[in-house]
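What follows is a single structure, written as structure tokens, with notes after it.
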Amino acid sequence: MPKILIATLCDDVREEIAGKVSIMGIFNQFRVADFRSPMRPFWIYARIEFENEGDYPITVELRTVEGQRIFQIQSVAQLPTIPERPDRPSTRVPPVADLKFKIDNLSLPRDGLYEVAFFHNEQLLQTVQIEAVVQRPAFVQ
Amino acid sequence: MQPIGQMPRYSYYIAWSPEDRQFVATFLELAGLSGLGDTIAEAIKELNEALRVWTETAQKENFELPEPSMQAPCVIVDARFMGEDPYITELAKVLPGEFLPEGEVGQTVSLSEVIKVRQAGQVIEL
Numbered sequence: 001m002p003k004i005l006i007a008t009l010c011d012d013v014r015e016e017i018a019g020k021v022s023i024m025g026i027f028n029q030f031r032v033a034d035f036r037s038p039m040r041p042f043w044i045y046a047r048i049e050f051e052n053e054g055d056y057p058i059t060v061e062l063r064t065v066e067g068q069r070i071f072q073i074q075s076v077a078q079l080p081t082i083p084e085r086p087d088r089p090s091t092r093v094p095p096v097a098d099l100k101f102k103i104d105n106l107s108l109p110r111d112g113l114y115e116v117a118f119f120h121n122e123q124l125l126q127t128v129q130i131e132a133v134v135q136r137p138a139f140v141q
Numbered sequence: 142m143q144p145i146g147q148m149p150r151y152s153y154y155i156a157w158s159p160e161d162r163q164f165v166a167t168f169l170e171l172a173g174l175s176g177l178g179d180t181i182a183e184a185i186k187e188l189n190e191a192l193r194v195w196t197e198t199a200q201k202e203n204f205e206l207p208e209p210s211m212q213a214p215c216v217i218v219d220a221r222f223m224g225e226d227p228y229i230t231e232l233a234k235v236l237p238g239e240f241l242p243e244g245e246v247g248q249t250v251s252l253s254e255v256i257k258v259r260q261a262g263q264v265i266e267l
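Protein sequence lines, in the order shown, are assigned to chains A and B.
The opening residue of the first sequence carries number 1 in the working numbering; numbering runs sequentially from there.
The opening residue of the second sequence carries number 142 in the working numbering; numbering runs sequentially from there.
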């Protein structure tokens, strides 16, 4: 059974040449000035641990906590088998896959609680809750 | 021919197809349609052409298309194979293995090794 190690919404995800990942601007609240307008871009990032290498279907869904689906993505986490090399030490760390989705131009129907849900073969792995709140304009005298 | 303005404005999902070695664009609301392309723009153009044909078929065959799920089309990009500018900075990730010497797919190659290959007269398309 895949295990979610990290799952978050953030402003940006950057991958370094050496394979390290930097997650910038983690948040758990959408501040929306006008629900008729699209929000600024954001990212969904997840690091998932698997028992073995292979291709694993992963579904990511954004929905209200009441269950109204906003969108659903069908993705595949790919963990290629890395050929062993005598000059490299073998590792016993379980293989992991990173999922990174950039969401642009999303509009939400209303304020309230939402969640990002991760599934593998229709089995729920984890949810991340996020709240959409109305961003009131700053009061200027 | 269906005018573009009368077609439903669905949201896009852009990913990379390792089998086709091309970008693949689908609609979130109508996952059965897809478009392939060497660039994201090409994939989206092909997808919209598929939607145009499908919309005409729906009118002829009298079946309903799903309603767009959002007020404005949302664009979701599977960014595992892309950087901010895939064609300049991250092309090796967009086309994994494409730039590695024969038999070295899946392994890292240092810059000095690339230079050696170039000096040996082998062409690496960038």
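Ideal Cβ positions, reconstructed from N, Cα and C, are used throughout, including at glycine.
Using a CB distance cut-off of 9 Å, PRO149/B does not count as an interface residue toward chain A. For LYS186/B, the enclosing alpha helix (DSSP H) covers residues 181-202. Under the three-state reduction of DSSP output, ARG221/B falls in the helix class.
Chain order gives the chain B residues near ILE73/A as TYR154, LEU169, ILE217, ASP219, where near means a beta carbon separation below 8 Å. Going by C-alpha positions, GLU61/A is about 42 Å away from PRO86/A.
By the neighbour-count definition (other C-beta atoms within 10 Å, threshold 16), ALA172/B is an exposed residue.
Taking the Cα positions, GLN29/A is about 43 Å away from PRO83/A.
Contact of SER107/A with chain B is assigned, a C-beta pair being separated by under 9 Å. In terms of Cβ geometry, ILE70/A and LEU113/A do not form a close pair [threshold 9 Å]. Residue ILE48/A holds the alpha-carbon nearest to the alpha-carbon of PRO95/A among SER37/A, TRP43/A, ILE48/A, GLU16/A. If you look at ARG63/A, you'll find it in the beta strand (DSSP E) that goes 54-64. Linking PRO214/B to LEU192/B through their CA atoms gives a straight-line distance of about 14 Å. The Cβ atoms of VAL218/B and ASP104/A sit closer than 9 Å to each other.
Shortest Cα-Cα distance from GLY25/A to any of THR64/A, ARG31/A, PHE42/A, ASP11/A involves ASP11/A. Within the DSSP bridge table, the entry for GLN78/A names ASP55/A as partners.
For SER210/B, the nearest beta carbon of chain A is closer than 9 Å to its own beta carbon. As computed with DSSP, PHE164/B is found in a beta bridge with TRP157/B, GLY178/B. Not flagged as an interface residue toward chain A: ALA166/B, since no C-beta distance is shorter than 9 Å. Taking the beta carbon of ALA172/B as reference, the chain A residues within 8 Å of it are GLN74, listed in sequence order.
For PRO209/B, same chain residues with a beta-carbon under 8 Å away, outside a window of 5 residues either side, are PRO149, ARG150, TYR151, SER152, GLU170 in chain order.
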